[in-house]
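Below is one structure, written out as structure tokens; comments come after it.
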Amino acid sequence: MAVLARNSIRELRHRPLRTALTVAGVAISTAMLADMLMLGGGIQQSFGELLESRGYELRVAPKGTLPFDTEATIPGWTALQERIEGVGGVERVAPVLAMSVSVEVEADGPEGSRGARRTLAVGLDPENRGLYVLVRGDGPGAGEVLVDSRLGEAMGVGPDDRLRVATASGFDAWGRTASVRVSGTGDFVFATVRDMPVALPLDDLQALSGLDDQVSFAMIRVGDGYDAEAVRAGIAAVAGRVEVVTLAGISDRLDERLSYFRQVAVILGSVSLFVAALLIGTITAVSVSERLGIIAAVRAIGVGRRRIVADLTLESVVLCLVGGGIGIGLAVVVAGYLESILSGLPGLPAAVRFFVLRPGSLMTAYGLVILSGAVAGLVPSLRATRLEVTSLLHREEP
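The structure is reproduced here in structure tokens:
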């Protein structure tokens, strides 16, 4: 046992290039596997946490859509809201109207306006702060607008400044306009990386857009002690022309739309695991073939086959332990780089993450690589010990 162990260490040290390339290959495979495991469940986890953080368990939207998914609206909202509020377990209804607008700084009236920008406007109940976190000032009241903090910095506006808002593609085109006071700035939790939204009172945006008594969707808070699914069924019974979904339902739909990423994660993760096993198996086979004489010698002095197989397999495990450890660190770095690329996908909230750093995913990847390396190293080791001693010695003859 000591002879083989010392020989294994000597082999790794005396062949630094082969050892380094093997460790590098295992590290890359481990990093890819870990990233794919994080990608597989990261979107759903981060999006679910985002939804749950706002305190509204249900969403009402036009059939076949998700909130902020299209510009479709729900007409006749006032009557529908009364029916929804009559359902047992409904604690609060928060309607939202979303649409594209143009905004510009108002300096000295229309003639002095400058810096027009296209952005998303949301109309909401002034008491509803489920879509944003206030940074400065206050929420929007009548004739006021809350500006995304990034947009405020870009346009150089803050509380008490004035903006003009237009529903057309620009201020030179036909459309309705309104002069509003900036009440404050905030961070919109469902904003995409590219969006820098503004929020107005629902009545003001409805009047500006001409979409009287219409909303894009509504958030519903369920009272304590009530089951969200039961309340959803009750609302669906009185509001047949809309779709009522729970947070789990929204997460499932998002997961369906992004199933491509999960499929890619499974394929690439499987390939990386196979590559790691193939690499370790090949290197172990080469290493074992170079030491047939030593294997024959220790067999001749009475060392058991199991002991020899264990020592040879341990060499593969050591390579996986070292390479896998490096790969875990590499996975974190690569995940951050890939996140910066994928986070710019249109329509995806900036708070949603593709790669969620989870210790469980990292340890699973590490363990699978070590296991695959051990199995891959076991195969050539078993084959070598099954040969007769005379056959091994014959192979070593010049």
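Take 136 as the starting number for the sequence shown in our numbering and just add one per residue.
For each residue, glycine too, the CB sits at the ideal point set by N, CA and C.
Quantities reported herein were computed from a predicted structural model and do not represent experimental measurements.
| message | Quick check on Ala368: buried or exposed, where buried means 16 or more other Cβ atoms within 10 Å of its Cβ? | response | If you number the sequence shown from 1, residue 368 lands on position 233. By the neighbour-count rule (16 or more Cβ atoms within 10 Å), Ala368 is not buried but exposed.
| said: Once DSSP output is grouped into helix, strand and coil, what is the label at Arg285? | reply: For the purposes of this step, residue 285 is identified with residue 150 of the sequence shown, where counting begins at 1. Three-state result, Arg285: helix.
| query | Since Phe323 sits in a beta bridge, which residues does DSSP pair it with? | reply | The residue labelled residue 323 in the question sits at position 188 within the sequence shown. DSSP lists Tyr267 as partners of Phe323.
| request: Enumerate in chain order the residues of its own chain whose CB-to-CB distance from Val457 is below 7 Å, with the five nearest sequence positions on each side excluded. | output: Working through the sequence shown from its first residue, we reach residue 457 at position 322. Within the same chain, Val457 has close Cβ partners Val158.
| Limits of the beta strand (DSSP E) - the one that Ala371 falls within | Within the sequence shown, numbered from 1, the residue matching residue 371 stands at position 236. Careful: Ala371 lies outside any beta strand (DSSP E), inside the alpha helix (DSSP H) at 363-373.
| task | Over the uninterrupted beta strand (DSSP E) stretch that includes Ser237, give me the two end residues. | result | Against the sequence shown, residue 237 aligns to sequence position 102. Residue range 225-240 is occupied by the beta strand (DSSP E) that includes Ser237.
| Given Ala313, which residues of its chain have a CB within under 6 Å of its CB, disregarding the five upstream and five downstream residues? | The residue you call residue 313 lines up with position 178 of the sequence shown. Cβ neighbours of Ala313 beyond the five flanking positions: Val300, Leu343.
| query | In its own chain, which residues sit with a C-beta less than 6 Å from the C-beta of Glu378, not counting the 5 before and 5 after it? | reply | Your numbering for residue 378 matches position 243 in the sequence shown. Counting only Cβ-Cβ distances below 6 Å, and skipping sequence neighbours, we find Ala196, Lys198.
| request: Under 7 Å Cβ to Cβ from Asp273, same chain only, skipping five residues before and after it: list those, please. | output: In the sequence shown, the residue the question calls residue 273 occupies position 138. Taken in chain order, the residues that qualify are Ser318, Gly319.
| Proximity of Leu232 and Leu346 at Cβ, strictly below 8 Å | Translated into the one-based positions of the sequence shown, residue 232 becomes position 97. Translated into the one-based positions of the sequence shown, residue 346 becomes position 211. Yes. Within cutoff.
| query | What three-state label does DSSP hand Pro494 in the structure shown? | reply | Locating residue 494 in the sequence shown gives position 359, counting from the first residue. In this structure, Pro494 counts as helix in the three-state DSSP scheme.
| said: By the DSSP assignment, the alpha helix (DSSP H) with Ala214 in it spans what residues? | reply: The residue you call residue 214 lines up with position 79 of the sequence shown. Start and end: 212-220.
| Does the distance from the CB of Leu465 to the CB of Ala162 come in under 8 Å? | Here residue 465 is taken as the residue at index 330 of the sequence shown, counted from 1. Here residue 162 is taken as the residue at index 27 of the sequence shown, counted from 1. By the CB criterion at 8 Å, Leu465 and Ala162 fall inside the cutoff.
| Does DSSP classify Leu259 as helix, strand or coil? | Within the sequence shown, residue 259 is the residue found at index 124, counting from 1. The answer is strand: DSSP assigns Leu259 an E or B state.
| field | Given 8 Å, three or more beta-carbon pairs between the region 351-360 and the region 217-228 | value | Output reads yes: the region 217-228 touches the region 351-360.
| message | Let me check you understand the geometry: is the CB of Gly258 closer than 7 Å to at least one non-hydrogen atom of the ligand ADP? | response | No copy of the ligand ADP appears in this structure; indeed no ligand is present at all.
| task | Answer with buried or exposed for Pro151, where buried requires no fewer than 16 other C-beta atoms within 10 angstroms of its C-beta. | result | If you number the sequence shown from 1, residue 151 lands on position 16. A residue is called buried when at least 16 other Cβ atoms come within 10 angstroms of its Cβ; Pro151 does not meet this threshold and is exposed.
| field | Given Leu286 as reference, the closest of Glu239, Arg316, Gly276 once Cα atoms are compared | value | As a working note, residue 286 is residue 151 in the sequence shown. Cα-wise, what sits closest to Leu286 is Glu239.
| Is DSSP giving Ser351 helix, strand or coil here? | Residue numbering aside, residue 351 sits at position 216 when the sequence shown is read from its first letter. Ser351: coil per DSSP, three-state reduction.
| said: For a cutoff of 8 Å on Cβ pairs, would you count Gly459 as touching chain D? | reply: Among the chains in the structure shown there is no chain D, since it carries only a single protein chain.
| query | How is the alpha helix (DSSP H) around Ala334 delimited, first residue to last? | reply | For the purposes of this step, residue 334 is taken as the residue at position 199 of the sequence shown. Note, Ala334: premise wrong, no alpha helix (DSSP H); beta strand (DSSP E) at 333-336.
| message | Taking the alpha-carbon of Ala374 as reference, which of Thr154, Arg194, Thr165 has the nearest alpha-carbon? | response | As a working mapping, residue 374 is identified with position 239 in the sequence shown. Among Thr154, Arg194, Thr165, the Cα nearest to that of Ala374 belongs to Arg194.
| message | Bridge partners for Arg356 per DSSP, in chain order? | response | Within the sequence shown, the letter at position 221 stands for residue 356. Under DSSP, Arg356 forms a beta bridge with Arg227.
| Does the region 400-417 come within contact of the region 490-509, defined as at least 3 CB pairs closer than 8 Å? | Counting Cβ pairs under 8 Å, three or more are found: they touch.
| request: Give the secondary structure of Leu447 by DSSP, where H, G and I count as helix, E and B as strand, and everything else as coil. | output: Here residue 447 refers to the residue found at position 312 when the sequence shown is read from its first residue. In the structure shown, Leu447 sits in a helix (DSSP, three-state: H, G or I).
| query | Glu206 by DSSP, collapsed to three states: which one? | reply | For the purposes of this step, residue 206 is taken as residue 71 along the sequence shown, with counting starting at 1. Of the three classes helix, strand and coil, the one that applies to Glu206 here is coil, per DSSP.
| task | Starting from Pro197, follow its DSSP beta bridges and name the residues at the other end. | result | Along the sequence shown, read from residue 1 onward, the residue named residue 197 stands at position 62. Residue pairing from DSSP places Pro197 in a beta bridge opposite Val377.
| Apart from the five residues on each side of it in sequence, which residues of its chain come closer than 7 Å, Cβ to Cβ, to Gly244? | Here the question's residue 244 lines up with position 109 in the sequence shown. With a pLDDT of only 44 at Gly244, under the threshold of 50, the placement of this residue in the model should not be trusted, and no figure is reported.
| field | Cβ distance (whole Å) where Thr419 is taken to contact Ala511 below 8 Å | value | Counting from one through the sequence shown, the residue named residue 419 turns up at place 284. Counting from one through the sequence shown, the residue named residue 511 turns up at place 376. Contact check for Thr419 and Ala511: beta-carbon distance about 7 Å, within the 8 Å limit, so the pair qualifies.
| query | Quick one, are the C-beta atoms of Ser496 and Met173 less than 8 Å apart? | reply | The sequence position of residue 496 within the sequence shown is 361, counting from 1. The sequence position of residue 173 within the sequence shown is 38, counting from 1. The answer is yes: Cβ separation under 8 Å.
| message | Taking only three categories from DSSP, how would you classify Val453? | response | Residue 453 sits at position 318 when you count from the first residue of the sequence shown. In the three-state scheme derived from DSSP, where H, G and I count as helix and E and B as strand, Val453 is classed as helix.
| Backbone CA spacing between Leu397 and Thr417 [nearest angstrom] | In the sequence shown, counting from the first residue as 1, residue 397 sits at position 262. In the sequence shown, counting from the first residue as 1, residue 417 sits at position 282. In the sequence as displayed, the identity of residue 397 is Arg instead of Leu. Between Arg397 and Thr417, the alpha-carbon positions lie close to 30 Å from each other.
| request: Since I believe Val236 is in contact with Ala256 (beta carbons under 8 Å), could you give me their beta-carbon distance rounded to a whole number of angstroms? | output: The count along the sequence shown starts at 1 and reaches residue 256 at position 121. The count along the sequence shown starts at 1 and reaches residue 236 at position 101. With a Cβ gap of about 4 Å, Ala256 and Val236 count as contacting.
| message | DSSP three-state label for Thr154, please. | response | Sequence index remark: in the sequence shown, residue 154 carries index 19 (1-based). In the structure shown, Thr154 sits in a helix (DSSP, three-state: H, G or I).
| query | Using DSSP with H/G/I as helix, E/B as strand and the rest coil, what is Ala277? | reply | By 1-based counting over the sequence shown, the position of residue 277 is 142. For Ala277, the three-state secondary structure derived from DSSP is coil.
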